[in-house]
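These notes concern the structure reproduced below.
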Amino acid sequence: MSDAFDRLRTALADRYRLERELGAGGMATVYLAEDIRHGREVAIKVLHPDLGAALGAERFLAEIKTTARLQHPHILPLLDSGEAGGSLFYVMPFVAGETLRARLVRERQLPVDDALRIAREVGDALGAAHAIGIVHRDIKPENILLQSGHALVADFGIALAVHEAAGARMTQTGLSLGTPQYMSPEQAMGEKQIDARADLYALGAVTYEMLTGEPPFTGATLQAIVAKVVSATPEAPSLVRRAIPPHVEAAVLRALEKLPADRFSSAADFTAALEGGGAASSGTNVTPSRVATPPPVVHAAPARRWLVAWGVVAAAALAVGWWMGRRGEAAPSVAAVSASLLLPDSMRIQPQLATAEGTATLALSPDGTMLAFAGSHGTRSRLFLRPLSQFAVRGLEGTEGAQAPFFSASGESIYFFALEGVKRVVLADGRVTLIHPPPAGSFEGEAWGGTAMSDGTIVLSQRLASELLVLSPSGDSIRTIACRATCAFPAAMPDGRHVLATSGDFLFLVDIGTGEARPVTRRSAAARDEGVRAMMARVDGDGHLIFARDGRLYAAPIDAASARLTGAAVVVVDSVRTESGRGAAQFAINGGGTLVYVPGDVMTRGILVRADRAGKLDTIPAPADEYTALDLTPDGRRVVARVGVPGDAKLVVIDVATGRVLPWIAGGSLGAPRWTADGRRVAFVRNDSGFIGDPEANASPLPLPGGTAILSVVTPLNDSAAFLSQLGDSVGVLVHGQTVGSRLPVPSSAILAATGDGRWVIAQHLRGEDNGAIVAYAMDGSGRRAVIAPGSFGMPAWVAGGSEVIAAEVLIARAPAAAGGTRQTFYAMRYDPTQASPFGAPQQLFTAAVADFPGRNFAVGGAGRRFVFKQHIATAPLREVRVLTAWHDRLRDEGGERAR
Numbered sequence: 010m011s012d013a014f015d016r017l018r019t020a021l022a023d024r025y026r027l028e029r030e031l032g033a034g035g036m037a038t039v040y041l042a043e044d045i046r047h048g049r050e051v052a053i054k055v056l057h058p059d060l061g062a063a064l065g066a067e068r069f070l071a072e073i074k075t076t077a078r079l080q081h082p083h084i085l086p087l088l089d090s091g092e093a094g095g096s097l098f099y100v101m102p103f104v105a106g107e108t109l110r111a112r113l114v115r116e117r118q119l120p121v122d123d124a125l126r127i128a129r130e131v132g133d134a135l136g137a138a139h140a141i142g143i144v145h146r147d148i149k150p151e152n153i154l155l156q157s158g159h160a161l162v163a164d165f166g167i168a169l170a171v172h173e174a175a176g177a178r179m180t181q182t183g184l185s186l187g188t189p190q191y192m193s194p195e196q197a198m199g200e201k202q203i204d205a206r207a208d209l210y211a212l213g214a215v216t217y218e219m220l221t222g223e224p225p226f227t228g229a230t231l232q233a234i235v236a237k238v239v240s241a242t243p244e245a246p247s248l249v250r251r252a253i254p255p256h257v258e259a260a261v262l263r264a265l266e267k268l269p270a271d272r273f274s275s276a277a278d279f280t281a282a283l284e285g286g287g288a289a290s291s292g293t294n295v296t297p298s299r300v301a302t303p304p305p306v307v308h309a310a311p312a313r314r315w316l317v318a319w320g321v322v323a324a325a326a327l328a329v330g331w332w333m334g335r336r337g338e339a340a341p342s343v344a345a346v347s348a349s350l351l352l353p354d355s356m357r358i359q360p361q362l363a364t365a366e367g368t369a370t371l372a373l374s375p376d377g378t379m380l381a382f383a384g385s386h387g388t389r390s391r392l393f394l395r396p397l398s399q400f401a402v403r404g405l406e407g408t409e410g411a412q413a414p415f416f417s418a419s420g421e422s423i424y425f426f427a428l429e430g431v432k433r434v435v436l437a438d439g440r441v442t443l444i445h446p447p448p449a450g451s452f453e454g455e456a457w458g459g460t461a462m463s464d465g466t467i468v469l470s471q472r473l474a475s476e477l478l479v480l481s482p483s484g485d486s487i488r489t490i491a492c493r494a495t496c497a498f499p500a501a502m503p504d505g506r507h508v509l510a511t512s513g514d515f516l517f518l519v520d521i522g523t524g525e526a527r528p529v530t531r532r533s534a535a536a537r538d539e540g541v542r543a544m545m546a547r548v549d550g551d552g553h554l555i556f557a558r559d560g561r562l563y564a565a566p567i568d569a570a571s572a573r574l575t576g577a578a579v580v581v582v583d584s585v586r587t588e589s590g591r592g593a594a595q596f597a598i599n600g601g602g603t604l605v606y607v608p609g610d611v612m613t614r615g616i617l618v619r620a621d622r623a624g625k626l627d628t629i630p631a632p633a634d635e636y637t638a639l640d641l642t643p644d645g646r647r648v649v650a651r652v653g654v655p656g657d658a659k660l661v662v663i664d665v666a667t668g669r670v671l672p673w674i675a676g677g678s679l680g681a682p683r684w685t686a687d688g689r690r691v692a693f694v695r696n697d698s699g700f701i702g703d704p705e706a707n708a709s710p711l712p713l714p715g716g717t718a719i720l721s722v723v724t725p726l727n728d729s730a731a732f733l734s735q736l737g738d739s740v741g742v743l744v745h746g747q748t749v750g751s752r753l754p755v756p757s758s759a760i761l762a763a764t765g766d767g768r769w770v771i772a773q774h775l776r777g778e779d780n781g782a783i784v785a786y787a788m789d790g791s792g793r794r795a796v797i798a799p800g801s802f803g804m805p806a807w808v809a810g811g812s813e814v815i816a817a818e819v820l821i822a823r824a825p826a827a828a829g830g831t832r833q834t835f836y837a838m839r840y841d842p843t844q845a846s847p848f849g850a851p852q853q854l855f856t857a858a859v860a861d862f863p864g865r866n867f868a869v870g871g872a873g874r875r876f877v878f879k880q881h882i883a884t885a886p887l888r889e890v891r892v893l894t895a896w897h898d899r900l901r902d903e904g905g906e907r908a909r
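Mind the numbering: the sequence shown is residues 10 to 909 in our numbering, read in order.
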């Protein structure tokens with residue numbers, strides 16, 4: 010059991026003996042217990058901590074006592090209430106039966122006589138409550154218990170007490186009682202004065218469902234349901250089921266009238282009409298017809314906005330225009346409605362499950378009703394589910410260590426990455442199966458994202474995002490698509506043929522049938538096509554693109570046929586949590602346009618740390634910044650660092666002892682900088698061309714001889730005139746601008762180094778036959794190659810002035826995430842060119858927490874005695890998810906910032 014259960018059991022031990030959890034709902038968790046004094050079974054409902062904290066114990070307990078006055082054969086009575094173990098609770102008799110919801114799930118439609126009897130009994134209970142001024146506010150099948158076939162209405166206490174205790178804070182917190190399918194239009198619109206007629210509407214909706222098998226209004230998203238609640242006409246029940254008597258149909262439809270004045274005036278009138286003894290019609294003839302088309306919603310400036318702090322349906326505001334129009338008032342509508350879902354203190358969203366380098370954590374069901382996230386509760390890390398309309402958070406067994414979840418196209422399953430590979434959990438029965446094991450040579454715990462196409466096909470990014478794997482829904486491999494560099498965080502396009510993916514910090518559109526990858530472009534102010542910078546992107550069903558860049562979320566329309574943005578990119582979220590290393594942004598959307606995200610900062614900021622060969626750490630006194638590439642002079646005294654993302658970065662030089670920062674190069678797409686062997690000059694790639702310069706000199710860097718081709722990396726060799734250049738899927742040596750010898754077939758995604766004598770190129774393969782391994786290539790034209798470290802090692806670096814190669818092993822499965830970064834162990838491999846096998850076995854040096862970023866995440870100098878790397882700055886646990894609806898209105902209403 011959970012810690013909360015243990016605390017509650019201890020606190021109530023003198024009165025109740027808690028046995029087990031019965032279930033959890035939108036506001037409370039229910040436990041079966043024994044009333045020690047009276048020797049009877051009871052149900053104890055415990056408010057979720059966030060709700061209890063918002064209401065306040067004293068006011069809540071005072072208000073809930075009001076429900077003790079409710080005495081009726083069809084109302085579940087209140088036996089006790091109080092505060093224990095820091096939680097608010099109340100006690101009811103235990104009913105050994107089932108809920109109406111359970112029966113509807115089993116039978117779908119009830120016999121007409123049974124449905125009318127249940128409706129009559131619930132109506133009698135409501136009438137008794139209304140007579141003393143108590144309104145339930147949340148009538149739904151889950152709150153109607155069936156015992157020996159008869160109805161008992163539950164949760165009068167919590168609904169009333171929450172409403173009264175919240176008082177004026179209802180509008181401040183956005184706390185709204187009701188469930189979308191059964192919520193009256195006035196509740197959906199946030200009216201402050203709710204009377205008994207709201208309960209009659211809800212009972213009408215429940216009766217409608219008992220007769221037809223579905224609520225009056227359904228939809229793919231919460232906002233679609235609520236929009237229908239306030240704007241659409243329900244389908245006549247007799248169109249679904251001819252056996253429904255006309256007077257019953259008329260009574261149900263009158264109960265579902267939009268305006269309270271057009272409904273029955275009392276529960277007794279409603280039940281009488283159901284029995285054929287009352288006036289059902291409100292003045293209009295009931296004629297079977299399909300759902301009427303609602304009047305258009307007029308989009309204007311927002312008139313009001315609710316911050317939904319507890320996860321109830323703030324999307325109701327989408328229908329403001331129609332509702333206010335019906336009432337003869339101005340018709341404002343909301344461009345976007347914000348909602349905030351808060352987790353209990355014991356729970357958190359956890360981008361860093363196995364490693365400290367964050368990956369994507371959020372997924373939204375296709376219908377927009379269910380949020381899935383990777384998180385932790387106490388010491389357990391797994392997947393959790395939370396309906397957007399409820400408080401309850403449910404952990405999914407068998408999903409331990411889950412990362413980067415995404416829903417199947419049907420919404421019936423969730424796929425996720427784990428140490429054992431990609432798995433699927435079926436939501437109906439909780440069954441977990443392994444869909445695809447990790448590819449050979451991949452790193453443990455890789456989670457570069459996946460997506461489900463409209464036909465159920467699965468697309469995964471794997472091998473450090475160097476390729477896309479296309480799978481059938483059952484996990485059978487269809488094809489592998491090699492990426493030009495990387496293709497991270499794939500996202501399905503509505504056409505079912507393409508996925509969006511990011512390479513570096515630019516956005517690409519990939520055809521999963523042909524493998525063709527095209528850059529996503531926009532027309533610049535200078536009338537040129539420019540690539541769209543993005544760290545991660547998603548698209549909704551209407552072709553609206555949401556992408557993350559520099560800690561913001563932007564929206565823009567996209568045309569898949571041309572891979573172009575067809576309008577301006579507009580800021581829709583100013584601050585979204587963005588992880589270091591992978592660059593994952595914590596957001597998700599569904600086809601209907603509901604957006605969920607975690608507010609927060611860009612986590613690439615960190616401090617620089619130096620270490621000796623034994624692992625003794627010392628902070629470099631330089632300011633924290635977005636360091637994304639590092640190299641150390643051979644004497645270990647200066648660091649050249651790239652600051653910012655590769656597409657929009659700068660180069661600076663930092664004195665290791667004093668922390669003094671010397672700005673050098675700013676602007677453009679900058680590759681990782683590398684010092685020459687004498688420690689005086691730095692070579693780097695800028696906008697695909699090679700340059701070299703002295704940071705201390707008052708002169709611009711010079712083009713690297715022979716470096717005007719499209720390059721990705723240049724690495725100086727011991728001779729300052731010689732450079733190792735990477736061009737596409739080949740590597741060669743440039744001496745005075747001329748290629749010496751033949752070029753080597755090294756993948757473009759490889760991380761490169763070279764021995765000081767120029768005899769061997771050392772590459773960590775990120776794809777292909779030797780994926781993940783460190784491979785040495787002889788430069789003498791012989792074609793010799795040797796794997797010198799297995800796939801768990803990576804990021805090779807040559808020790809200038811020494812005789813060894815340094816590599817790192819990232820510890821994922823064998824160690825928990827550490828403060829500051831991923832636990833990473835450094836190794837040294839001796840180099841002796843006189844031996845037949847010139848590279849020795851890896852020898853362990855030390856282990857430290859290192860913040861990750863693409864490429865090599867550390868620098869080594871001082872003949873192998875000095876190391877420099879980045880560590881993260883500690884942040885508060887993530888416990889908030891925000892919901893944004895109708896954000897695409899801003900594409901019409903605002904000029905927006907254009908994507909650069």
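Just so it is clear, CB atoms sit at the ideal spot from N, CA and C, and this is done for glycine as well.
- With at least 16 other beta carbons inside 10 angstroms of its own, D640 counts as buried.
- As computed with DSSP, L443 is found in a beta bridge with K432.
- Annotation for T523: no beta strand (DSSP E) segment contains it, and DSSP assigns it neither H nor E.
- Along the segment 201-250, the alpha helix (DSSP H) occurs as fully enclosed runs of 4 or more residues at 205-221, 231-240, 246-249, listed in sequence order.
- In the displayed model, E455 falls within coil according to three-state DSSP, outside both helix and strand.
- Taking the Cα of R891 as reference, the smallest distance to any Cα among V605, A543, A860, A633 is reached at V605.
- Boundaries of the alpha helix (DSSP H) harbouring H256: 255-264, taken from the DSSP string.
- By the C-beta density criterion, V435 is exposed, having fewer than 16 other C-beta atoms within 10 angstroms.
- With contacts defined as CB atoms closer than 7 Å, R117 and G213 fail to qualify as a contacting pair.
- Minimum Cα-Cα distance from T642 among the listed residues G873, D204, L428, E889 corresponds to G873.
- Closest option to A474, judged by alpha-carbon separation, among G810, D841, H774, L154: H774.
- Shown here for F426: same chain residues with a beta carbon closer than 6 Å to its own, the five before and five after excluded, namely Q412, A413, A456 in chain order.
- Setting aside the 5 residues that flank it on each side, R527 is surrounded in the same chain by F517, L518, A572, each with a C-beta closer than 7 Å to its C-beta; the list follows chain order.
- When DSSP states are grouped into helix, strand and coil, T530 belongs to the strand group.
- F165 carries a helical assignment under DSSP once its states are collapsed to helix, strand and coil.
- Looking only at R389, D89, S419, the smallest Cα-Cα distance to G407 is reached by R389.
- Non-local beta-carbon contacts of G522 in its own chain, meaning distances under 8 Å to residues more than five positions away in sequence, involve R506 in chain order.
- In this structure, A20 is the residue among A20, A134, A33, T38 with its C-alpha nearest to the C-alpha of G94.
- Linking F878 to G870 through their CA atoms gives a straight-line distance of about 12 Å.
- Contact between A510 and S470 holds, with the beta-carbon distance rounding to 7 Å and staying under 8 Å.
- Remark: C-beta atoms of A708 and I701 do not approach each other more closely than 7 Å.
- The beta carbons of V39 and A22 sit no closer together than 7 Å.
- For T280, the uninterrupted alpha helix (DSSP H) run begins and ends at 276-283, by DSSP.
- Residue state for K625 is assigned as coil, using DSSP reduced to three classes.
- Shown here for F855: same chain residues with a beta carbon closer than 8 Å to its own, the five before and five after excluded, namely A620, R622, A623, G624, T834, F835 in chain order.
- Your pair A666 and F498 does not check out as a contact, with CB atoms roughly 40 Å apart and the cut at 8 Å.
- Spatial neighbours of R46 in its own chain (CB-CB distance under 8 Å, excluding positions within 5 residues in sequence) are listed in chain order as R24.
- Residue range 412-416 is occupied by the beta strand (DSSP E) that includes F415, with no alpha helix (DSSP H) assigned at that position.
- Q190 is classed as buried because its beta carbon has at least 16 other beta carbons within 10 Å across all chains shown.
- Per DSSP, the unbroken alpha helix (DSSP H) holding P194 starts and ends at 194-197.
- Shortest Cα-Cα distance from D789 to any of A62, G741, A461, P446 involves G741.
- DSSP places R547 inside the beta strand (DSSP E), whose first and last residues are 545-548.
- Looking at the DSSP output, M101 shares a beta bridge with A52.
- Contiguous beta strand (DSSP E) elements confined to the segment 653-723 occur at 659-664, 670-675, 691-695, 698-702, taking only those with 3 or more residues.
- Membership of F69 in the alpha helix (DSSP H) is indicated by the continuous run 66-73.
- Taking all protein chains shown into account, V261 has 16 or more neighbouring C-beta atoms within 10 Å of its C-beta and is therefore buried.
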